[in-house]
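Working notes, structure below.
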Amino acid sequence: MTRVLVVDDEPQIVRALRINLRARGYEVDAAPDGRAALAAAAAGHFDVVLLDLGLPDMEGVEVIQGLRGWTGVPIIVLSARHSSAEKVRALDAGADDYVTKPFGMDELLARLRVAVRRAVPVESEAVLRTASFTLDLAARKARREDGQDVRLTPTEWRILEVLSRNSGRLVSQQQLLQEVWGPSYRRETNYLRVYLAQLRRKLEPDPHRPRHLITEPGMGYRLEV
Numbered sequence: 509m510t511r512v513l514v515v516d517d518e519p520q521i522v523r524a525l526r527i528n529l530r531a532r533g534y535e536v537d538a539a540p541d542g543r544a545a546l547a548a549a550a551a552g553h554f555d556v557v558l559l560d561l562g563l564p565d566m567e568g569v570e571v572i573q574g575l576r577g578w579t580g581v582p583i584i585v586l587s588a589r590h591s592s593a594e595k596v597r598a599l600d601a602g603a604d605d606y607v608t609k610p611f612g613m614d615e616l617l618a619r620l621r622v623a624v625r626r627a628v629p630v631e632s633e634a635v636l637r638t639a640s641f642t643l644d645l646a647a648r649k650a651r652r653e654d655g656q657d658v659r660l661t662p663t664e665w666r667i668l669e670v671l672s673r674n675s676g677r678l679v680s681q682q683q684l685l686q687e688v689w690g691p692s693y694r695r696e697t698n699y700l701r702v703y704l705a706q707l708r709r710k711l712e713p714d715p716h717r718p719r720h721l722i723t724e725p726g727m728g729y730r731l732e733v
């Protein structure tokens, strides 16, 4: 049975989606805000997420970025925002499709079927543990082995999310730049040097001899647990 997470703070929309999807054989869970959505996704496997952008606690784009840090679950945005800029922003953040409200149920169901059919199973753990620090990718919290919480900037988190999703594998400089800053920054390799140095100072026991955030000269970076 296909499991759907509906993220919307409008009870009538959640109710309509729950009724229609369950009638067609889907299992449906709901979250009223971004934090609840990230917690639900971390706690259980979903086959697709239906996400409103206008949530009470955070922007829907932040939820997309949080999910994309560790899961490839298909994300379909359901939003009353019609501007092209909003659509581009959501799709660039990692959404798979964008449906404007009000929408026809038949169209939504067709898009949902396509998203599930095209999904690639690349899910990883929401919590990544190394010998020196722990990353809770759903909650966006980092903690050193001595129990101290580590403050990370949004950009530092995005870098760690990409590296965590590819743990143990080389991530090219171009891929990191594109996923964190966007396609127009693919040549700005100095950004990576600065931010990786900051991350090593915050997370590595010896920043000058990193055990986890490894540089492959001229190629890219790798996260070793």
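Residue numbers (the working numbering): 509 to 733.
C-beta atoms are modelled at their ideal positions from N, C-alpha and C, and glycine is treated no differently.
Query: Let's test the definition: count the other Cβ atoms within 10 Å of the Cβ of isoleucine 527 and tell me whether it reaches 16, buried, or not, exposed.; Result: exposed
Query: Confirm, please, whether the CB-CB distance from valine 522 to arginine 530 is below 8 Å.; Result: no
Query: For alanine 598, which residues of its own chain have a beta-carbon under 8 Å away from its beta-carbon, when the five flanking residues on both sides are left out?; Result: Leu561, Gly568, Val569, Ile572, Val585, Ser587 and Tyr606
Query: Count Cβ pairs between the region 666–681 and the region 692–711 that sit closer than 8 Å; are there 3 or more?; Result: yes
Query: Decide if serine 591 is buried, meaning its Cβ has at least 16 other Cβ atoms within 10 Å, or exposed.; Result: exposed
Query: Is it the case that the Cβ atoms of proline 540 and valine 556 are separated by a distance below 8 Å?; Result: no
Query: For the alpha helix (DSSP H) holding valine 670, just list the boundary residues, first then last.; Result: 662–673
Query: Secondary structure at alanine 587, three-state DSSP: helix, strand or coil?; Result: Note that residue 587 is serine in the sequence shown here, rather than alanine. Strand, per DSSP.
Query: How about glycine 577 and arginine 652: are their beta carbons less than 8 Å apart?; Result: no
Query: Identify whether leucine 645 lies in helix, strand or coil by the three-state DSSP scheme.; Result: coil
Query: Which of the three DSSP states is assigned to tyrosine 735 in this structure?; Result: Absent from the structure is residue 735, since the part of the chain shown begins at 509 and ends at 733.
Query: Taking all protein chains shown into account, decide if proline 519 is buried (16 or more other Cβ within 10 angstroms of its Cβ) or exposed.; Result: exposed
Query: Please state the DSSP three-state secondary structure of valine 512.; Result: strand
Query: At 3 residues or longer, and completely inside the region 686–732: list those beta strand (DSSP E) runs for me, N to C.; Result: 721–724 and 728–731
Query: Might you give, ordered along the chain, the residues of its own chain that have their beta carbon closer than 6 Å to the beta carbon of glycine 546, omitting 5 neighbours on each side?; Result: Going by the sequence as given, residue 546 is leucine instead of glycine. Contacts found: Gly574 and Ala646.
Query: What's the gap between the Cα of arginine 511 and the Cα of glutamate 594?; Result: 27 Å
Query: Might you give, ordered along the chain, the residues of its own chain that have their beta carbon closer than 6 Å to the beta carbon of alanine 603, omitting 5 neighbours on each side?; Result: Ile572, Ile583 and Val585
Query: Would you mind sorting threonine 608 into buried or exposed? The rule is 16 or more other CB atoms within 10 Å of its CB.; Result: exposed
Query: Runs of 3 residues minimum, wholly inside the region 587–626: which ones carry the beta strand (DSSP E) assignment?; Result: 605–608
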